[in-house]
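Right, one structure below, let's go through it.
4 protein chains.
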Amino acid sequence: MDFRSDNVAGVAPEIMAALAKANEGTSASYGADDITARVERRLTEIFEHPLRAFPVVTGTSANSLALAVMTPPFGAIYCHEAAHIMVDECGAPEMYTGGAKLVPMAGKGAKITAADLDRALADAGIGEVHHVQPAAISLTQATELGTCYRAAEIEAIGEIAARYRLGLHMDGARFANALVHLGAKPKDITWKAGVRALSLGATKNGALAAEIVILFDPVLAETFAYRRKRAGHLISKMRFVSAQLDAYFIDDLWLRLARHANAMAKDLAAGLLSVPGMHLLHAVEANEIFAKLPAGILGGLRRAGFSFYDWPGAEPGTIRLVTSFATDPRHVAAFISTAKNLASAAA
Amino acid sequence: MDFRSDNVAGVAPEIMAALAKANEGTSASYGADDITARVERRLTEIFEHPLRAFPVVTGTSANSLALAVMTPPFGAIYCHEAAHIMVDECGAPEMYTGGAKLVPMAGKGAKITAADLDRALADAGIGEVHHVQPAAISLTQATELGTCYRAAEIEAIGEIAARYRLGLHMDGARFANALVHLGAKPKDITWKAGVRALSLGATKNGALAAEIVILFDPVLAETFAYRRKRAGHLISKMRFVSAQLDAYFIDDLWLRLARHANAMAKDLAAGLLSVPGMHLLHAVEANEIFAKLPAGILGGLRRAGFSFYDWPGAEPGTIRLVTSFATDPRHVAAFISTAKNLASAAA
Amino acid sequence: MDFRSDNVAGVAPEIMAALAKANEGTSASYGADDITARVERRLTEIFEHPLRAFPVVTGTSANSLALAVMTPPFGAIYCHEAAHIMVDECGAPEMYTGGAKLVPMAGKGAKITAADLDRALADAGIGEVHHVQPAAISLTQATELGTCYRAAEIEAIGEIAARYRLGLHMDGARFANALVHLGAKPKDITWKAGVRALSLGATKNGALAAEIVILFDPVLAETFAYRRKRAGHLISKMRFVSAQLDAYFIDDLWLRLARHANAMAKDLAAGLLSVPGMHLLHAVEANEIFAKLPAGILGGLRRAGFSFYDWPGAEPGTIRLVTSFATDPRHVAAFISTAKNLASAAA
Amino acid sequence: MDFRSDNVAGVAPEIMAALAKANEGTSASYGADDITARVERRLTEIFEHPLRAFPVVTGTSANSLALAVMTPPFGAIYCHEAAHIMVDECGAPEMYTGGAKLVPMAGKGAKITAADLDRALADAGIGEVHHVQPAAISLTQATELGTCYRAAEIEAIGEIAARYRLGLHMDGARFANALVHLGAKPKDITWKAGVRALSLGATKNGALAAEIVILFDPVLAETFAYRRKRAGHLISKMRFVSAQLDAYFIDDLWLRLARHANAMAKDLAAGLLSVPGMHLLHAVEANEIFAKLPAGILGGLRRAGFSFYDWPGAEPGTIRLVTSFATDPRHVAAFISTAKNLASAAA
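Those protein sequences? They're chains L, A, E and F, same order as listed. If you use numbering that gives the first Met the number 0, the first sequence corresponds to residues 0 to 346, in order. If you use numbering that gives the first Met the number 0, the second sequence corresponds to residues 0 to 346, in order. If you use numbering that gives the first Met the number 0, the third sequence corresponds to residues 0 to 346, in order. If you use numbering that gives the first Met the number 0, the fourth sequence corresponds to residues 0 to 346, in order.
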């Protein structure tokens, strides 16, 4: 009964089957295979826009490579102060860009606003040689706090990116969860809103290790392949990464998996609302719940076999619960009932 | 009938089965799982030495990370001029080390000699601030030309590394093939001979995407984990990388797979010896054959459905043939008989 | 009547004379000359501690090199959010460290406190591979707002640096101004308080282009010379940089020059206090004044031939006035009387 | 009697006077002063071409910055194996480019040829993701061995650079010496021959510390200023660097200084031809002489008070003699006569 993260889950059966199927005969290596080409074609259809798509195996490399093609070494990348690229990648964007600076911004629900960005950029010293130069904005969709940017919010930021000629990147490690929650089309929250590079994740949503960087701007693609190789992220037996992505996008598997994860989170959140002393910290829009519960209940839940993380930097008693494509509804129900029982016993 | 590379092959059935088996339940992510720990323990036994072992998914990242923990930005890495790190990694070692310099050395059969190294180091300007400072030596085992360093050759180089206080790294993308050819114990051609860091490959020898960096010196391990994460090479669902390695080392699977690849190469080379006009360019000690054949025969082989690479930078008619764990003996036989027939027809 | 910065001033006559004197005969290049050695010896006496001293020509390179010998690429450097290294060096510390992250901290008067640092470090995720690892703390003395750290404040921070095993760096571009204000001995606010590396500036205080990095810890010096050369900061005719520093430290020239600059600032600030509508924003402890004045007075001052900067990011009407070793007391008096007259006229 | 290098000399009186003259009043810092602007204008006239010019204080930074605006991190820079950027800058180009690779080429007299370059580029794997991508060519004028490229030789290389769309950089640390030897106009051996970036040195030829990067292509200038600042090479009191350059180019001072240095070298070489057992290793075209002399004579010369360097990597008895703008003709005469006497005594 593991709510620690969506990456504690395994691999969706459809994706496992695709791996087995890809394991037939020999195949050109380093991405020159048919499956890799097919994935790019399918994404062109899904996003309804010409694009280049580059599979990798981690979200960190996807983000860093996407940012590196937008950001010179003397550049600045604007992101939320809780962004994965800011907090959880041990400086990978700095490594890949040759030492660019990430500029952390505050913002409710781990979202940055167009208005705040506009103010920050007005004070950034653009054109002054003493200061790093704004080069990119990075949004996380869904955010690190399980919230989602609306299309209009992204558009407003996209308009600023265009005005200042900045790259607009989206960290979509949980892009499918956001898409499903918003009921949006992929294009609505990406290129139509000004996004030029998307790190689209599959690993947290049922793949073994597969992410894909989608570049809506062909100029950005010019150096991408060299940078990926140079970073050690060009997988030799690429067909096995692409096969995961191929299965992921066939018959809307990615959306089905995300719908389950989101539904489990909503059910869990709804059930918890009836637990006395429980506070939800953020809107539950994707597959993450941030809740504050009495210490006694948390201890009891853990003793009952539930695992989850205390949230660092937050008030004591704040936990994160993450559901996934594989979350068993019975575990959700058990979590709720156990919490209620613990609360009753404590009362 | 694909002799282009050992990475055109798929995944060994035992490893595929291990992946399926690992896909049960949830598991701690980022390498905190049991399988990852088990692989490190097993390697300690196999190498008969304390060590730290870090799984990654590409040879390029394995090499670059191993070199980065040995080499400051102002350092120099001595390697053969044909080394993968020199020629085929698009500057990855430079990226990971923060701009160290690779010093290419000539040498027969893609091997460097202790004597040449000694001479080069004597002229390197050690301690002079104008020059990059020797920091590491990198050997490839088996080499890019399918030859193998003998234990004594490595020891002689290890002695120089010790004298100059340099790190000694081994690129073992085809380590198993070398081990099998030499009939050596793992320790004989690694730590006992002075090797401090080994990039041990599994991908070319039957894994989907799995390599492991083995550090025989605990000091080198101190910063490794941060560097791996920062490079985007810490796989979240690590158990699936480790499961491949786990299967690879159980019951000597790695050696069995390599033995087959090597045997296929030897059979192929032996058969080709009877083809008029054929010249072998290097000793066939692992799973690669470098041969020169008349253009007519090469064209005929390709028309007959055999695929293989012309070798860049060599004389016209020079090809590389690579066998793998999955090479079908019938393909080897067919290659030989086709070549012979083409030669007869041409005579 | 130029109060824009202390770097709009020229070169002190004593230093100019030293340059002329150094221009006799030939001399070993790249720092192997006698003057360079003498400067290091003199600094050992001035600081009453063994040390290594490396001349460079810019404060940015001094800071970046000092930080680079303390900070791995995956490291974090804690500094005030207004620090020169954070704001005004276009990412130089990131370049020199290979992409480390600067962590900006708030704090009154551009000073960070031990208590805030302690809290930040407790939450920094030390030992967790996902996060950059605290490596160094950088203080500016005097600060960017013209205030000075007391010895006890530095000691408290030094104690934290020791506890967390972090390097403690001091950006001393205006070190002499701080020293004079505090009436401290050099040792009191450096190594005795835990500082391990000091960027000691001379340029703003009368040199042509000369700064010196002082390392109180011999371990830090091991790679410094290579890093300096590699950054293009080893001056070939070094004697001319060292000659400036030599003159700077002889007969307390550096302190005399700083005393004048500080006195001019104090006089200017004192005089301004009598100008109606004027507000001082920070304590005037070195050679910088931050003041808010009515727009009409500022315009009038500029028309009268005074130059100074509006302070970016502050409220309208906020200006910075900087005095230097070369500030003419008559310019100070004229500034005050002009401001008073303008205020009277406006009343 | 110092023939070690041209950087053991001091500063030409005209340049020293210019420094004193620049030390009047205050001046805008960081290059916004009038002198800096004037130098750029004058260079536009001297080179008869629009250009951007950026003063720095070392040849290493000039070269590295010029290369960095031409070369992506995955790029390759082709240069002679004896080039200063290859051998003597401790990896600075690698640091500034973010880890590009320098490709060393052989060639007589430290010159590379168009034919060799063409062959190397044909084999470089352009467009293949596994290999670093050719980005720039760097020539040294005069070379490290005191020889000079003819305009036609540069043009032939420039034509290749154009064909492969590579940047063509010239390391002109001794550009004036070459110009004077060739009797060429500045434009003949720079932009007209395809050179897009020139590191023009003044330090070795009479300045205190002044070099200037000249970019003939405005696109290259777009990011230069940020890169210079970020590298710590934007001098705050820039007027004092520019004043050196200003004096350097007024009334052909640079050519007069170089003419003297070259004449001294020619006289010295001519005189040495009459010393039995002496061999000149390279044509004496600038201000460097590479000679082989019997050990006894070398020892005698040193005992007589002459200083010079043994040339590393060459046969025993090989020395380098460097003359400069400041070389005293009497020292040249004394060197020759002493050598002759020693040779006679030994006979």
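Yeah, the Cβ is synthetic: ideal placement off N, Cα and C, and Gly gets one too.
Delimiting residues of the alpha helix (DSSP H) encompassing residue i
i        : result
A:Gly58  : Gly58 to Ala67
E:Lys291 : Segment Glu287 to Lys291 is the beta strand (DSSP E) holding E:Lys291; no alpha helix (DSSP H) there.
E:Ile159 : Ala150 to Arg162
A:Pro92  : Ala91 to Thr96
F:His232 : Note, F:His232: premise wrong, no alpha helix (DSSP H); not H, not E.
L:Val331 : Pro328 to Ala345
E:Leu116 : Ala113 to Ala121
Rounded distance between the beta-carbons of residue j and residue i, thought under 8 Å
i        : j        : result
L:Leu138 : L:Ile125 : At roughly 21 Å, the Cβ-Cβ gap does not stay under 8 Å, so L:Leu138 and L:Ile125 are not in contact.
F:Ala67  : F:Arg226 : 6 Å
E:Val212 : E:Ser235 : Contact flag wrong, Cβ pair sits at about 18 Å.
L:Val38  : L:Glu210 : The Cβ separation is near 12 Å, so there is no contact.
L:Asp115 : L:Gly106 : 6 Å
L:Ala135 : L:Gly166 : 4 Å
A:Leu120 : A:Tyr163 : 5 Å
Cβ-based neighbour list, residue i, same chain, cut-off 6 Å, excluding 5 preceding and 5 following
i        : result
L:Leu181 : Cys147
E:Gly259 : The question names Gly, yet the displayed sequence has His at residue 259 of chain E. Phe324.
A:Asn204 : Ala175, Leu256, Ala257 and Phe324
F:Val179 : Leu254, Ala257, Arg258 and Asn261
E:Val331 : Met263, Asp266 and Leu267
L:Glu88  : Thr59
E:Ala123 : Pro133
A:Asp1   : Val7 and Ser306
L:Ala345 : Gly295
A:Met358 : Past the boundaries of the shown model lies residue 358 of chain A; chain A is included only from 0 to 346, so the question cannot be answered.
Beta strand (DSSP E) segment containing residue i, residue limits
i        : result
L:Arg40  : Careful: L:Arg40 lies outside any beta strand (DSSP E), inside the alpha helix (DSSP H) at Asp33 to Phe46.
E:Ala52  : Arg51 to Val55
F:Leu219 : Not the beta strand (DSSP E): F:Leu219 falls in the alpha helix (DSSP H), residues Pro217 to Ala220.
A:Leu256 : Premise fails: A:Leu256 lies in the alpha helix (DSSP H), Leu252 to Leu271, not in any beta strand (DSSP E).
F:Thr365 : There is no way to answer for residue 365 of chain F, as the model of chain F reaches only from 0 to 346.
F:Val321 : Thr317 to Val321
DSSP beta-bridge partners of residue i
i        : result
L:His83  : Paired residues: none, contrary to the question.
E:Asp170 : E:Thr139 and E:Ser198
A:Gln132 : A:Gly74
F:Met104 : F:His79
E:Ser306 : E:Asp1
F:Val212 : F:Phe53 and F:Ser198
L:His278 : L:Lys291
Cβ neighbours of residue i in the same chain (closer than 7 Å, five flanking residues each side left out)
i        : result
L:Tyr29  : Leu233, Ser235 and Met237
E:Ala192 : Ala150, Ile153, Glu154 and Gly157
F:Ala220 : Arg51 and Leu214
A:Glu143 : Ala81, Ala82, His83 and Ala109
Cut-off 8 Å between Cβ atoms - residues of its own chain near residue i, not counting five sequence neighbours on either side
i        : result
A:Trp347 : This structure cannot settle anything about residue 347 of chain A, because the visible part of chain A is limited to 0 through 346.
L:Met94  : Ser63
- prompt: Are there three or more Cβ pairs, one per stretch, closer than 8 Å when the stretch 244-260 of chain F is compared with the stretch 28-42 of chain F?
  reply: With the cut-off at 8 Å, the stretch 244-260 of chain F and the stretch 28-42 of chain F touch.
- prompt: Three or more beta-carbon pairs under 8 Å between the stretch 56-66 of chain F and the stretch 267-277 of chain F, yes or no?
  reply: no
query: With a cut-off of 8 Å, do at least 3 Cβ pairs link the stretch 66-86 of chain A to the stretch 73-83 of chain E?
result: no
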